[in-house]
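Residue 142 in the numbering used here sits at position 140 of the sequence shown, and the numbers go up by one each step.
Just so you know, even glycine gets a beta-carbon here, dropped at the ideal spot from N, CA and C.
Written out below as structure tokens is the structure these notes cover.
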Amino acid sequence: MAGRRTACPGRWGSATAAPSAIPFDNRWPAPEALDEAGLARIRDAHATAARRAERLGFDLVELLGAHGFLLHSFLSPISNRRTDSYGGSLGNRMRYPLEVAAALREVWPRHKALVMRITGTDWADGGITPDEAGIFAGKLHNTGFDYVCVSYGGINPAAQSAIAPGDQVPFAAAVKKASGMVVKQSA
């Protein structure tokens with residue numbers, strides 16, 4: 003179900019953490035669902051990394067919210083089966099990725115680019131749709147992100163995408179139309 007997750011030191015030791023305890027597929031171990039302390043620790047670690055990038059002279063930070071990684075796992079109803087304020091509706095599923103985005107925006111200088119790579123579709127029934135990706139991109143725009151890079155897939159090993167030249171253009175166009183945000187299709 004959920005794709006790649008993050009190793010979260012502390013209570014979890016070297017265990018994999020995710021929004022829900024759902025394995026990527028039947029050959030993978032089930033991750034541990036993040037609690038409030040784990041969510042805060044990961045959010046703060048993102049902000050700390052952005053501060054480090056600024057100190058080192060980087061001009062752009064890209065937050066990864068695609069390809070089955072942790073923030074995508076929160077957005078996707080395939081991998082997020084939480085029953086708290088971070089699961090269920092699109093608004094709830096967006097909550098944690100937007101909290102991480104806001105933490106980055108708070109520490110990253112306004113004159114430098116802040117970007118998020120997002121998923122335009124999960125290529126699976128019940129997954130993220132281009133309409134939902136557009137709503138999410140609009141929220142990122144309101145948070146102060148400069149643009150989004152639209153990609154797809156990675157949350158479900160059985161998903162079948164139509165890989166071909168320009169295959170991501172329709173998703174990028176839909177996200178741009180829905181959000182009014184500058185959009186780049188993933189390479």
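- As DSSP reads the structure, threonine 145 sits in no beta bridge.
- Shown here, leucine 58 sits in coil according to DSSP, grouped into three states, outside any helix or strand.
- Contact check for methionine 183 against histidine 143 passes: the beta carbons are separated by less than 8 angstroms.
- For alanine 20, the enclosing beta strand (DSSP E) starts and ends at 18–20.
- Going by beta carbons, isoleucine 157 and histidine 74 fall inside the 8 angstroms limit.
- Sixteen is the threshold: when 16 or more other Cβ atoms of the shown chains lie within 10 Å of the Cβ of phenylalanine 138, as they do, the residue is buried.
- DSSP, reduced to helix, strand and coil, places methionine 96 within a helical segment of the structure shown.
- Under the rule that a run must span 4 or more residues, the alpha helix (DSSP H) segments found entirely inside the stretch 105–183 read 132–145 and 171–181.
- Taking a cut-off of 8 angstroms on C-beta distances, the stretch 16–26 touches the stretch 64–83, as three or more cross pairs fall below it.
- It is roughly 5 angstroms from the alpha-carbon of tyrosine 149 to the alpha-carbon of valine 117.
- In the DSSP annotation of this structure, the continuous segment of the alpha helix (DSSP H) that includes phenylalanine 76 starts and ends at 72–77.
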